[in-house]
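**Q** Sharing a structure here in structure tokens format.
In mature numbering (1 follows the signal peptide of the UniProt record, and there is no 0), the protein residues as written are -20 to -1, 1 to 240.
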């Protein structure tokens, strides 16, 4: 065999290896800091982005992000157009009927927010008021379920968190209900808004996959490893500024959730 032929075969083998490298497509809503957002170079960054990149390293897969609206994530996983979806997606029994989820990795609470110095100091003051929510979110489900008890006058849905916050800031909404951590992060740049009341939910965020996904078990095992060696706790502290509590799902290995 000549040197030229040998080099050609080696190059062909290398190209075949590269071509065979696995790529997992991850859908993400690009305006959801600190969980996921696009930087000035239009690359995704954030808490969940770091988690997914770490999963990719541990299972030997390349990660490719796809920019999708929050509502579009559910259709994209259901159809198998993407392999996974992130964007503070809460694990619910209803969603488990048509999607798969990994174990939870963050215990999510909701919060009521409003402008500083306004006439709203808590949920009890929201009777007869207009409240904003991110459409298709758990916050929207909570507000709709409690609208009569709380006495909300109008529930207004938004497709982006930024527009929701701007309307609270401008006084077009009396208040808004949404993810506590997301609000805490956003208020670094919007100090005229404040958290008025925390709403415990018992919910957890997980990675959503198509029903019956072949990737579920190994992605879930990678999450277990990320919890056990402290990597997830470090990601939590990096993006949220504090270490996770010892008894939360950020540090506790859990089973894959199943539908009731």
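Glycine included, each C-beta is placed from N, C-alpha and C at the ideal position.
So residue 87 and residue 229 are supposed to be a Cβ contact under 8 Å. How far apart are they, rounded?
**A** So it is a contact: roughly 5 Å between Cβ atoms.
**Q** Using DSSP bridges, identify the partner residues of residue 18.
**A** Looking at the DSSP assignment, residue 18 forms a beta bridge with 24.
**Q** Does DSSP put residue 85 in a helix, in a strand, or in coil?
**A** DSSP places residue 85 in coil when its eight states are reduced to three.
**Q** Below 8 Å, how does it come out for the segment 72 to 88 and the segment 201 to 209: are there three or more Cβ pairs, yes or no?
**A** Contact holds: three or more Cβ-Cβ distances are below 8 Å.
**Q** So, does the CB of residue 95 fall closer than 8 Å to a CB anywhere in chain C?
**A** No chain C appears in the structure shown, which is made up of a single protein chain.
**Q** Determine the direct distance from the alpha carbon of residue 78 to that of residue 237, and round the result to whole angstroms.
**A** Roughly 13 Å separates the two Cα atoms.
**Q** What is the DSSP secondary structure of residue 152, counted as helix, strand or coil?
**A** DSSP places residue 152 in coil when its eight states are reduced to three.
**Q** Which residues in the same chain have their Cβ closer than 7 Å to the Cβ of residue 12, if we skip the five residues on either side of it in sequence?
**A** The answer, listed in chain order, is 67, 68, 141, 162.
**Q** Please state whether the Cβ-Cβ distance between residue 70 and residue 118 is less than 8 Å.
**A** Yes, the pair counts as a contact, with Cβ atoms nearer than the cut-off.
**Q** Of the choices 240, 26, 198, whose alpha-carbon is the least far from that of residue 41?
**A** Residue 198 is the option with its Cα nearest to residue 41.
**Q** Take residue 216 and list the residues in its own chain whose beta-carbon comes closer than 6 Å to its own, dropping the five residues that flank it on each side.
**A** Excluding positions up to five away in sequence, the list reads 224, 230.
**Q** Checking 8 Å against the spacing of the C-beta atoms, do residue 189 and residue 64 come in under that value?
**A** In this structure, residue 64 lies closer than 8 Å to residue 189 by Cβ.
**Q** In three-state DSSP terms, what is residue 2?
**A** Here residue 2 sits in coil by DSSP.
**Q** Once you ignore the five residues that flank residue 4 on each side, which residues in its own chain have a CB closer than 8 Å to its CB?
**A** Counting only Cβ-Cβ distances below 8 Å, and skipping sequence neighbours, we find 36, 41, 42, 43, 44, 63, 64, 195.
**Q** If we ignore side chains and look at the alpha-carbon of each, how far apart do residue 150 and residue 213 end up?
**A** Whole-angstrom Cα-Cα distance: 36 Å.
**Q** Look at residue 100 and residue 158 and say whether their C-beta atoms are less than 8 Å apart.
**A** No. Outside cutoff.
**Q** Anyone know if the C-beta pair for residue 176 and residue 102 falls short of 8 Å?
**A** Going by C-beta atoms, residue 176 is nearer than 8 Å to residue 102.
**Q** Three-state secondary structure (DSSP) at residue 57?
**A** Correct three-state label for residue 57: helix.
**Q** I need the straight-line Cα distance from residue 17 to residue 9, nearest angstrom please.
**A** If you take the alpha carbons of residue 17 and residue 9, they lie about 7 Å apart.
**Q** Specify the secondary structure class of residue 50 as computed by DSSP and reduced to three states.
**A** Residue 50: helix per DSSP, three-state reduction.
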